[in-house]
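**Student:** Okay, here's the structure, questions in a sec.
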Amino acid sequence: MKRALLSAILLVFACTLMAQKFAFVDSDYILKKIPSYKAAQEQLEKLSTQYQKEIETKYAEVDKMYQDYQAEKVLLTEEMRKNREDDIILKERQVKDLQMKYFGKDGLLFKKREELVKPIQDQVSNAIKELANEGGFAVIFDSSASLNMLYTNPRYDKSEEVLQKLGYN
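Heads up: the sequence shown runs through residues 121 to 289, numbered per the working numbering.
This is the structure in structure tokens:
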């Protein structure tokens, strides 16, 4: 009796699971088709390059200070050596702080990325939610973000439909 009841419950669960509709999208593909996303990425790359050049220039200055110090070290008094070493350490610390300001967790580049890219990602996310609600999908997977999707049937790819909802394509 218990086995029959357990089998019936498992059968109902399996049928319910099989009755669910699933689909997937490729968010990288979708984002690359959106011109404003491409422009945002280019702007972020340009800003990142600018910040990186500034950091490299400042590190070159620190390196030059250190090389000059090494060349003149034997001619300096103990107090002068200490002052020069402190100057080099201070300059290096300032460059590291600047690097964190630009590239850190809450740095300028991160904030700019959120300002430029997040609204676009939110639009895509909302379009996917609309598609899920309209199509009665229980789950929509992202094939670009998951390494666990070993096979996807192109028939269930809804990326083009998301682009149509967004007005692209």
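Beta carbons: idealized from backbone N, C-alpha and C, even for Gly.
Between residue 132 and residue 151, what straight-line distance do the alpha-carbon atoms span, to the nearest angstrom?
**Tutor:** Interpretation of residue 132 is limited by its pLDDT of 48, a score under 50 that renders its predicted location unreliable; the figure taken from the coordinates is listed afterwards. Approximately 39 Å between the Cα atoms of the pair.
**Student:** Could you round the C-beta distance between residue 144 and residue 288 to whole angstroms and report it? I think they count as a contact, below 8 Å.
**Tutor:** So it is not a contact: roughly 19 Å between Cβ atoms.
**Student:** On the DSSP bridge list, what partners appear for residue 307?
**Tutor:** Lying outside 121 to 289, the shown extent of the chain, residue 307 is not represented and no answer is given.
**Student:** Is residue 243 closer than 9 Å to residue 283 when the C-beta atoms are compared?
**Tutor:** Result no, Cβ atoms of residue 283 and residue 243 do not sit closer than 9 Å.
**Student:** Can you tell me where the alpha helix (DSSP H) with residue 164 in it begins and where it stops?
**Tutor:** 155–192 is the extent of the alpha helix (DSSP H) around residue 164.
**Student:** Bridge partners for residue 242 per DSSP, in chain order?
**Tutor:** In DSSP, residue 242 forms no bridge with anything.
**Student:** For residue 226, name the three-state secondary structure that DSSP assigns.
**Tutor:** Residue state, collapsed to three classes: coil.
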